[in-house]
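Numbering (this note's numbering), first residue to last: 88 to 528.
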């Protein structure tokens, strides 16, 4: 393997910055050297308006190998990595098929002037076989491999081969695809026997398991089988106090950005795509496409009301999970209209809505909480503080009071400052090649 081309920055000290993850009221002097924090010491008291230092964002639900663009094209993994860097996302959890694109990601990282985001992945997800009604397990419809489980013995093959491909956790696809009461069943599901066996074997082998559910019923079934990490918020009802008590210890990824494109109007798309960072990092063909939209896709496909209701339930459930400390901020990026890097900032704003008081808690979960989850999925569940002497100097600086969709003032990864204009130029150069920055899977 050839050496990386980036070089560490010289020792540097940030003076008088706020570090809310450590203390809401203090200011700190922060020194970095050789890519790590060497000193983080209190140096005063906050008075308001100071620059804030937070860990880099963690995307807790992504799909690097799925087509986010409206024309069903997949961006080159090198572009995806740069899209994340541009938006201050320094850690990525890939939930579906990263081995399909890992060679390109790793090749890009060896020639990049900036360290790529760290990535944790599951290998390939596991799902159900085709059932008697002819329905396939969720995941088979995507352009990435999945393991199909018919009996318990199939799980060993999936776990072994995923480990050989670098997977460190297990992703289980369980939903039948219903989103609201009365919506049609789209997929087959694993049997209770296989589901219980899967949760037990993963726990016995020390493998963290994440399960994909939509409805409360599916979530309760999976919970009773032993699962505690859910790849989405419940979307068929707003959970009440009894439901939350029944699901004690469960954690949920938000994923509003992955569902919202279905119900957005042309004007909403144009406003969303008009934010800073879109033109610099995304395929502008997406902007051209949405300019021609006459009505939301939910209306076109007869699901506007159910999708809108599902989003409302997901948001309410996510915000309750936030209050409990059980929310993970993720987007389902890779699904159409959910863009790598860009959509994580959209996710934060979708969750915040009109409640400005939720902003700091959301940023904390998207940084400190997300990083701890990332380490957990890699089998490093130490709970260590990401901002500490000896830890990698990977962080974002933020101007207080700006919208959650705003880009960080600066991003530093392993001590290396990310040159955002240069990242944009690198993306443009990749899009200017014969492949137009696309890959065929």
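The C-beta atom is built at its ideal place from N, Cα and C for all residues, glycine as well.
What does residue 148 pair with, by DSSP beta-bridge criteria?
None, per the DSSP bridge assignment.
Who are the near neighbours of residue 334 in its chain, counting only those whose CB is closer than 8 Å to its CB and skipping five residues on each side?
306, 307, 310, 326
Taking 8 Å as the threshold, find out whether the segment 139-151 comes into contact with the segment 470-481 through three or more Cβ pairs.
yes
Under 8 Å, with one C-beta from each stretch per pair, do the segment 378-394 and the segment 111-121 reach the 3-pair mark?
no
Can you give the Cα-Cα distance for residue 287 and residue 460, rounded to whole angstroms?
The alpha-carbon atoms of residue 287 and residue 460 are separated by roughly 20 Å.
Assuming residue 385 is part of the beta strand (DSSP E), what are its boundary residues?
Careful: residue 385 lies outside any beta strand (DSSP E), inside the alpha helix (DSSP H) at 384-387.
Quick one: which unbroken alpha helix (DSSP H) runs of 4-plus residues sit fully inside the segment 376-429? Chain order, please.
384-387, 391-411
Could you name the residues of the same chain whose beta carbon sits closer than 8 Å to that of residue 90, not counting the 5 residues immediately before and after it, in chain order?
For residue 90, the pLDDT reaches just 47, beneath the cut-off of 50, and the residue's location in the model is therefore unreliable, although a value from the coordinates is still provided. Contacts found: 197.
Closer than 8 Å by C-beta to residue 110: which residues in its own chain qualify, once you throw out the five before and the five after it? Chain order, please.
129
Quick check: the Cα distance between residue 172 and residue 225, rounded to an integer number of angstroms?
30 Å
Helix, strand or coil: how does DSSP classify residue 114 here?
strand
For the segment 265-276 and the segment 391-407, state whether three or more C-beta atom pairs, one from each stretch, are separated by less than 8 Å.
Touching, yes, given that three or more Cβ pairs across the two stretches are closer than 8 Å.
Using a 10 Å radius around the Cβ and a threshold of 16 neighbouring Cβ atoms, would you call residue 243 buried or exposed?
exposed
Looking only at its chain, what residues have a beta carbon closer than 8 Å to the beta carbon of residue 131, apart from the 5 residues adjacent to it on each side?
103, 113, 114
Contact check, residue 39 vs residue 321 under 8 Å by CB: the rounded distance?
There is simply no residue 39 to check, as the chain begins at 88 and stops at 528 in what is shown.
With burial defined as no fewer than 16 other Cβ atoms inside 10 Å of the residue's Cβ, what is the status of residue 272: buried or exposed?
exposed
To the nearest whole angstrom, what separates the beta carbons of residue 452 and residue 496, a pair I think is in contact under 8 Å?
Actually they are not in contact, since the Cβ atoms of residue 452 and residue 496 sit about 21 Å apart, beyond 8 Å.
For the beta strand (DSSP E) that residue 103 lies in, which residues bound it at each end?
99-106
Please name the residue or residues paired with residue 128 in a DSSP beta bridge.
In DSSP, residue 128 forms a bridge with 116.
Rounded to whole angstroms, what is the Cα-Cα separation between residue 405 and residue 521?
42 Å
State the Cα-Cα distance for the pair residue 126 and residue 426, rounded to the nearest angstrom.
36 Å
To the nearest angstrom, how far is it from the Cα of residue 448 to the Cα of residue 418?
17 Å
Quick one: Cα of residue 360 to Cα of residue 155, how far?
14 Å
Answer with buried or exposed for residue 204, where buried requires no fewer than 16 other C-beta atoms within 10 angstroms of its C-beta.
Using a 10 angstroms sphere on the CB of residue 204, the tally of other CB atoms reaches 16 or more, which defines it as buried.
The alpha helix (DSSP H) that contains residue 243, what's its start and end?
That run of the alpha helix (DSSP H) goes 240-251.
I believe residue 347 touches residue 437 by the beta-carbon criterion, under 8 Å. Please report the beta-carbon distance rounded to the nearest angstrom.
7 Å
Name the DSSP beta bridge partners of residue 275, please?
224
What would DSSP say about residue 203, mapped onto helix, strand or coil?
coil
Taking the C-alpha atoms as reference points, what is the distance between residue 88 and residue 192?
For residue 88, the pLDDT reaches just 35, beneath the cut-off of 50, and the residue's location in the model is therefore unreliable, although a value from the coordinates is still provided. So the alpha carbons of these two residues sit roughly 13 Å apart.
Measuring only the C-alpha atoms, how far is residue 531 from residue 525?
With the chain running from 88 to 528 in the structure shown, residue 531 is simply not present.
Specify the secondary structure class of residue 173 as computed by DSSP and reduced to three states.
helix
Can you name, in chain order, every residue of its own chain whose Cβ lies under 8 Å from the Cβ of residue 364, other than the five neighbours on each side?
173, 174, 428, 429, 432, 494
Mind checking whether residue 455 and residue 147 have CB atoms under 7 Å apart?
no
Which residue's Cα is closest to the Cα of residue 74: 150, 466, 367, 230?
Because the chain is modelled from 88 through 528, residue 74 falls outside the range shown and cannot be assessed.
Please state whether DSSP places residue 90 in a helix, a strand or coil.
With a pLDDT of 47 at residue 90, under the threshold of 50, the predicted position of this residue should be treated as unreliable, though the coordinate-derived value follows. Three-state DSSP puts residue 90 in coil, outside helix and strand.
On the premise that residue 280 lies in contact with residue 303, defined as a C-beta separation below 8 Å, what is that separation, rounded to the nearest angstrom?
Not confirmed; about 22 Å, so no contact.
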